[in-house]
Amino acid sequence: MKLLLKILRASVCMIASCAFFSCATTFPRENGVRAADGAALQSSMRATGGDRAINSEQASNSMRVVDSASSQNELQIVGLANGIPLYIQNNMANRKLALAVIVQGGTAYLTRETSGLESALFSMMTYGSQKYNYDTLQQLAYKMNFAITSSVSREGAILSMSCIDYYFETVLPIFADAFLHPAFEKEQYDMLMTRYAQDMQRLQTDSQNMLAYEMTQTVFKNHPYAVSSAVRPYSIENITIENIMRLHERDMDARRIMIVAVGNFNAKTLAKKLNKTFGAIDAQSYELHTAVVPPLSISGAPVVITSEAASGTGYLEKVASGPSIFDDDMTAAALAATMYSQVLFNIVREKYGACYTPSASITPMRAGMSSVYIFKASDLQNVVTYEREAHDIFTRGFVIDGKNDDGTYALSPIADRLEGYKNQYINSFYASSVTNSSVASRIAYSLLMFGEPYAYDKRIARIADVSAKEVQVAFEKYWAKDSGQWFAVVGPADKENVQF
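Next up, the structure:
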């Protein structure tokens, strides 16, 4: 779901989608979409040499193929013995096999004070298990060139594996033991906590991370999103081995688990293998949680914080309520962000040289956000004014094509350039998810967010039907000139110089 991506400078998407990020405290952007907070804190053990719960009634309690495939590439659904649904997307084009185990629920089962606990749990799964300790796991991964990775979001968590078909019989038991029986060794826990401590330090020393953290703490206050899927300064003391183990016990619930497989699989044979491990997980009896997420309400005076690290420059972001991932105008807003970014670049950077890179993006979560981000501003007094100049051009329905002979900008109507942006967007989305592992991730994300394996793909396909009028309406709705709230990180000497 790479539509869900380049969104998080720390905490999105293309998708947030199923492309996963390795740092939950930075917010990358791409194609106007930004990953949601913690949209994927990824930990991996890779060879260096090589909320909608699915009711068990929706899956067969036997080995029966629920949706028999009429073609080798069609999706099949098989129910394990305990009701866990197994989604199999056949792909015979290569010898790589991918498997993803999904646990639904995410932050609905956490509190603000335990933010990031599931991230820690799934990271520990990649650090060794009862049968395969960390060193053994590293050696086997090097020998067989396989990967076990974890990713978490507000919707749930995923443990994934990929390997070539020749080693699948050997790697599958390793992967199953990692999920079912993590070792929770103190040495690996200490290594993980050191990494988290370094992340917390970056929140105080890195200007971009400071900006992202201050923004999310302000915007998400008293909202369900105040609970993060990433470890935060206010939760790190609760990331204990005991709490991680307790969460593991709760996550081992057949009612909340789904499995995705992509590659050259025989459905019945694979289900039989998985039944020996994943099919033996019990269904627990505690009450299942469904997150209730109201829209964000974002407004207020600009927030300016100072840091020596930002001396001589500045990092600014304006955020406002944006489209939900479920809204019909989400794709129109994503296109608007992409096209507006081009106008911002031409005006704010090229015309005035007021920053290194300006961009617009959306964070398509249940409660979405829109934003304008100013990276390394050099003219703090005027950069917001220049952003408004770009805003006026796009509001009038134009993008910038280049310069006329007299130095003025050559403008084209949005409608004249929309098709090219659509193609660019779609190509980028699918180019990022062509491997079996990325396809499995995309299906897993769609299941977590929508409860359907291809719901997100269908939403992306709608982009072909988006009109120029819809793009402009979305822009005016989510980037209204006087809406939202500005945040900035600048050097101490520049606090009074930044103007909004």
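What the sequence shown shows, in our numbering, is residues 1094 to 1593, in sequence order. C-beta atoms are modelled at their ideal positions from N, C-alpha and C, and glycine is treated no differently.
_By the three-class DSSP mapping on this structure, what secondary structure does D1494 have?_
Walking along the sequence shown from the start, residue 1494 turns up at place 401. Looking at D1494 - three-state DSSP - the assignment turns out to be strand.
*Could you check which residue in I1493, A1427 and G1176 has the C-alpha nearest to that of D1509?*
Translated into positions along the sequence shown, residue 1509 becomes position 416. D1509 has its Cα closest to that of I1493, out of I1493, A1427 and G1176.
*Is V1320 helix, strand or coil when you go by DSSP?*
For the purposes of this step, residue 1320 is taken as the residue at position 227 of the sequence shown. Of the three classes helix, strand and coil, the one that applies to V1320 here is coil, per DSSP.
*Taking the alpha-carbon positions, what's the F1272 to T1207 distance?*
Sequence index remark: in the sequence shown, residue 1272 carries index 179 (1-based). Sequence index remark: in the sequence shown, residue 1207 carries index 114 (1-based). For F1272 and T1207, the distance between alpha carbons rounds to 21 Å.
*asked:* Can you find the residues in the same chain that come closer than 6 Å, C-beta to C-beta, to Q1592, ignoring five residues on each side of it along the sequence?
replied: Here the question's residue 1592 lines up with position 499 in the sequence shown. If we look at Q1592 and ignore the five residues flanking it on each side, its Cβ neighbours are Q1474.
*Just checking, does the stretch 1356-1366 make contact with the stretch 1167-1183 on the three C-beta pairs under 8 Å criterion?*
yes
*Secondary structure of T1399, DSSP reduced to three states*: To locate residue 1399, count along the sequence shown from 1; it is residue 306. It is a strand residue.
*If we ignore side chains and look at the alpha-carbon of each, how far apart do L1203 and E1248 end up?*
Here the question's residue 1203 lines up with position 110 in the sequence shown. Here the question's residue 1248 lines up with position 155 in the sequence shown. Straight-line Cα distance between these residues: approximately 11 Å.
*asked:* In the DSSP assignment, the alpha helix (DSSP H) including S1452 goes from what residue to what residue?
replied: Your numbering for residue 1452 matches position 359 in the sequence shown. No alpha helix (DSSP H) holds S1452; the beta strand (DSSP E) holding it covers C1448 to T1456.
*Helix, strand or coil at K1189 [DSSP, three-state]*: Sequence index remark: in the sequence shown, residue 1189 carries index 96 (1-based). Note: K1189 maps to strand in three-state DSSP.
_In the DSSP output, what is S1414 paired with across the bridge?_
Start at 1 with the first residue of the sequence shown, and residue 1414 comes out as number 321. Beta-bridge pairing links S1414 to M1462.
*Put Q1592 into one of helix, strand or coil per three-state DSSP.*
Here residue 1592 refers to the residue found at position 499 of the sequence shown. If DSSP states are grouped into helix, strand and coil, Q1592 belongs with coil.
_With a threshold of 7 Å on Cβ separation, who are the neighbours of T1333 within its own chain once the five nearest residues in sequence on each side are excluded?_
Here residue 1333 is taken as the residue at index 240 of the sequence shown, counted from 1. None.
*DSSP puts G1356 in a beta bridge; with which residues?*
Here residue 1356 corresponds to residue number 263 of the sequence shown, with the count starting at 1. Paired residue(s): N1183.
*Looking at the structure shown, is F1272 part of a helix, part of a strand, or coil, going by DSSP?*
On the sequence shown, residue 1272 is found 179 positions in, with the first residue counted as 1. Here F1272 sits in helix by DSSP.
*Burial state of R1288 (16 or more Cβ within 10 Å)*: Looking up residue 1288 in the sequence shown gives position 195. Answer is exposed; the Cβ neighbour count stays below 16.
*Is the distance from the Cβ of F1468 to the Cβ of T1450 below 7 Å?*
For the purposes of this step, residue 1468 is taken as the residue at position 375 of the sequence shown. For the purposes of this step, residue 1450 is taken as the residue at position 357 of the sequence shown. Yes. Within cutoff.
*Could you pull out every residue in the same chain whose Cβ sits closer than 7 Å to the Cβ of F1268, ignoring the five residues on either side in sequence?*
For the purposes of this step, residue 1268 is taken as residue 175 along the sequence shown, with counting starting at 1. Once the five neighbours on either side are set aside, the close Cβ partners of F1268 are L1192, I1241 and M1254.
*By Cβ distance below 7 Å, which residues in the same chain neighbour M1308 in space, the five residues on each side in sequence not counted?*
In the sequence shown, counting from the first residue as 1, residue 1308 sits at position 215. The answer, listed in chain order, is E1410, V1412 and F1580.
*asked:* Are the CB atoms of P1395 and S1414 within a distance shorter than 7 Å?
replied: Within the sequence shown, numbered from 1, the residue matching residue 1414 stands at position 321. Within the sequence shown, numbered from 1, the residue matching residue 1395 stands at position 302. It is not a contact, given that the beta carbons lie outside the stated cut-off.
*Taking only the alpha-carbon atoms, compute the straight-line gap between A1524 and D1228 and give it to the nearest angstrom.*
Position 431 of the sequence shown, counting from 1, holds the residue named residue 1524. Position 135 of the sequence shown, counting from 1, holds the residue named residue 1228. As the crow flies, the alpha-carbon of A1524 is around 35 Å from that of D1228.
*Cα-Cα separation, N1238 to D1375*: Locating residue 1238 in the sequence shown gives position 145, where the first residue counts as 1. Locating residue 1375 in the sequence shown gives position 282, where the first residue counts as 1. Their backbone Cα atoms lie some 32 Å apart in a straight line.
*Go ahead and label T1141 buried or exposed: buried means 16 or more other beta carbons lie within 10 angstroms of its beta carbon, across all protein chains shown.*
Taking the first residue of the sequence shown as 1, we reach residue 1141 at position 48. Since pLDDT at T1141 reaches only 27, below the 50 mark, its modelled position is unreliable, and no value is offered.
*May I have the straight-line CA-CA distance separating N1529 from A1354, to the nearest angstrom?*
Counted from its first residue, the sequence shown places residue 1529 at position 436. Counted from its first residue, the sequence shown places residue 1354 at position 261. If you take the alpha carbons of N1529 and A1354, they lie about 9 Å apart.
*Could you check which residue in E1211, M1185 and G1490 has the C-alpha nearest to that of K1562?*
Counted from its first residue, the sequence shown places residue 1562 at position 469. Of the candidates E1211, M1185 and G1490, the one whose C-alpha sits nearest the C-alpha of K1562 is G1490.
*Beta carbon of S1300 nearer than 7 Å to that of S1400*: Reading the sequence shown from its first residue, position 207 is the one you call residue 1300. Reading the sequence shown from its first residue, position 307 is the one you call residue 1400. Yes, they are a contact pair.
*Please name the residue, chosen from S1452, L1214, N1590 and N1226, that lies closest to I1251 on a Cα-to-Cα basis.*
Reading the sequence shown from its first residue, position 158 is the one you call residue 1251. The shortest Cα separation from I1251 among S1452, L1214, N1590 and N1226 belongs to L1214.
*asked:* If you reduce the DSSP assignment to three classes, tell me which class A1174 lands in.
replied: In the sequence shown, the residue the question calls residue 1174 occupies position 81. A1174: coil per DSSP, three-state reduction.
_Less than 8 Å between C-beta atoms, sequence neighbours within five positions excluded: which residues of the same chain meet that for F1568?_
The residue you call residue 1568 lines up with position 475 of the sequence shown. Within the same chain, F1568 has close Cβ partners A1426, A1429, Y1433, F1487 and T1488.
_Backbone CA spacing between H1484 and S1471 [nearest angstrom]_ = By one-based count along the sequence shown, residue 1484 stands at place 391. By one-based count along the sequence shown, residue 1471 stands at place 378. Going by the C-alpha atoms only, they are around 20 Å apart.
*Can you give me the Cβ contacts of Y1260 inside the same chain, cut-off strictly under 7 Å, excluding the 5 residues immediately before and after it?*
Residue mapping note: residue 1260 aligns to position 167 of the sequence shown, counting from 1. Closer than 7 Å at Cβ, skipping near neighbours: M1237 and F1239.
*Proximity of I1417 and G1461 at Cβ, strictly below 7 Å*: On the sequence shown, residue 1417 is found 324 positions in, with the first residue counted as 1. On the sequence shown, residue 1461 is found 368 positions in, with the first residue counted as 1. Looking at the sequence shown, residue 1417 is not Ile but Ser. Their beta carbons are under 7 Å apart, which means S1417 touches G1461 by this criterion.
*Kindly identify the DSSP beta-bridge partner or partners of I1251.*
Counting from one through the sequence shown, the residue named residue 1251 turns up at place 158. Per the DSSP secondary-structure output, I1251 pairs in a beta bridge with I1195 and S1244.
*asked:* What does the Cβ neighbour count give for A1347, buried or exposed, with the cut at 16 atoms within 10 Å?
replied: Numbered from 1 along the sequence shown, position 254 holds the residue referred to as residue 1347. Answer is buried; the Cβ neighbour count reaches 16.
*Please determine, among R1442, D1420, I1350 and I1391, the residue with the shortest C-alpha to C-alpha distance to R1552.*
Locating residue 1552 in the sequence shown gives position 459, counting from the first residue. For the residues R1442, D1420, I1350 and I1391, the minimum Cα distance to R1552 belongs to D1420.
*Tell me, which residues are paired with I1257 by DSSP?*
Position 164 of the sequence shown, counted from the first residue, corresponds to residue 1257. In the DSSP output, where bridge partners are listed per residue, I1257 has K1189.
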